[in-house]
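Numbering (the numbering used here), first residue to last: 255 to 574. Where a beta carbon is used, it is the ideal one built from N, C-alpha and C, also for glycine. Comments concern the structure below.
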């Protein structure tokens with residue numbers, strides 16, 4: 255089993271409950287799905303009162319040296335500028351400045367971006383925050399590239415969200431990058447999350463698309479397709495898995511998702527191929543086999559329906 259990834263929720267007075275609870279629930283569901291996740295609640299003070307009066311006790315102290323695989327999560331606070339200028343806020347700010355040299359992942363929710371900016375973590379980086387804070391943020395932190403009307407923004411290892419429920423969207427995106435798109439899709443289904451995007455937000459993976467419905471049989475078929483990408487399931491096999499006829503399954507896909515079962519299968523296989531191309535040097539023939547295609551020629555024919563770049567060109571453009 256791989257070493258766990260450590261997530262640190264940094265808490266201050268008047269933390270907004272959903273800024274904490276939303277991302278936390280995503281991580282808990284991912285952990286229940288078998289991912290090696292360790293969660294820590296840390297603060298400059300042993301106790302904190304959240305916005306709304308909920309008291310948090312026995313918080314852990316701010317940790318010492320982090321590492322590049324650790325994740326720091328900064329939920330927003332009510333009256334954020336004053337909170338971050340409090341004694342505990344200044345201690346937290348200094349701690350963040352010190353940790354920056356170790357290059358952990360930084361996730362901000364709502365006004366958590368203000369704390370990150372005060373610590374110099376967002377200089378010359380793209381970010382977003384709650385719409386009510388955008389103008390003040392822009393005037394105060396001129397070195398930051400703050401974006402309007404965005405659900406969340408990723409710039410390298412910095413992830414920032416507009417706040418409140420959008421922290422869920424951002425954390426799901428992070429989970430998909432760290433633990434795979436199938437895990438994120440399972441978490442999203444468990445949480446009954448509706449994915450919101452606009453044209454500038456990161457493109458939603460096919461693994462997460464077409465899950466905004468409540469039809470159990472359809473989710474069951476989608477789970478089978480996503481968990482066995484390397485298999486070539488017939489329509490009959492897919493229908494049997496949900497105790498449906500082929501006709502019923504095809505109609506259900508079209509009515510609920512607006513696509514055919516074959517189109518959904520192809521989109522998942524191409525998404526899996528993209529992940530393999532961008533993260534490995536596996537030969538195209540092996541990728542075709544891993545995606546359940548009988549030959550590289552068959553794979554390329556389907557690929558060309560989705561991408562203008564060839565698989566080799568896609569690899570060159572997306573490998574780091």
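Proximal residues to residue 272 (C-beta, below 7 Å), its chain only, five neighbours per side dropped: 418, 419
Same chain only: Cβ atoms within 7 Å of residue 213, ignoring 5 sequence neighbours per side: As displayed, the chain neither begins before 255 nor continues past 574, which places residue 213 out of reach and without an answer.
Paired residues, beta bridge with residue 292 - DSSP: 260
Residues that residue 380 bridges to, as DSSP identifies them: 399
Proximity below 8 Å, CB of residue 546 to CB of residue 422: no
Beta-ladder partner(s) of residue 344, from DSSP: None; residue 344 has no bridge partner.
Distance, residue 406 Cα to residue 488 Cα: 38 Å
Pick from 328, 293, 350 that is closest to residue 362, judged by C-alpha positions: 328
Span separating the alpha-carbon of residue 274 from that of residue 263: 8 Å
Length of the line joining the Cα atoms of residue 461 and residue 320: 32 Å
Same chain, Cβ closer than 8 Å to residue 469, neighbours up to 5 away in sequence not counted: 506, 510
Residue 282 vs residue 301 beta-carbon contact at 8 Å: no
Inter-residue Cα distance where the pair is residue 452 and residue 388: Bear in mind that a pLDDT of 48 at residue 452, under 50, signals an unreliable position, so the model cannot answer this.
CA-to-CA distance, residue 540 to residue 285, given in whole angstroms: 31 Å
Proximal residues to residue 439 (C-beta, below 7 Å), its chain only, five neighbours per side dropped: 461, 462, 465, 480
Which of helix, strand or coil DSSP assigns to residue 409: strand
Extent of the continuous beta strand (DSSP E) to which residue 326 belongs: 325 to 328
Nonlocal neighbours in the same chain, by C-beta distance under 6 Å from residue 415, ignoring five residues either side: 363, 406, 421, 424
Contacting residues, own chain, Cβ-Cβ under 6 Å from residue 435 (five flanking each side not counted): 459, 461
Sub-8 Å separation of residue 503 and residue 475 beta-carbons: yes
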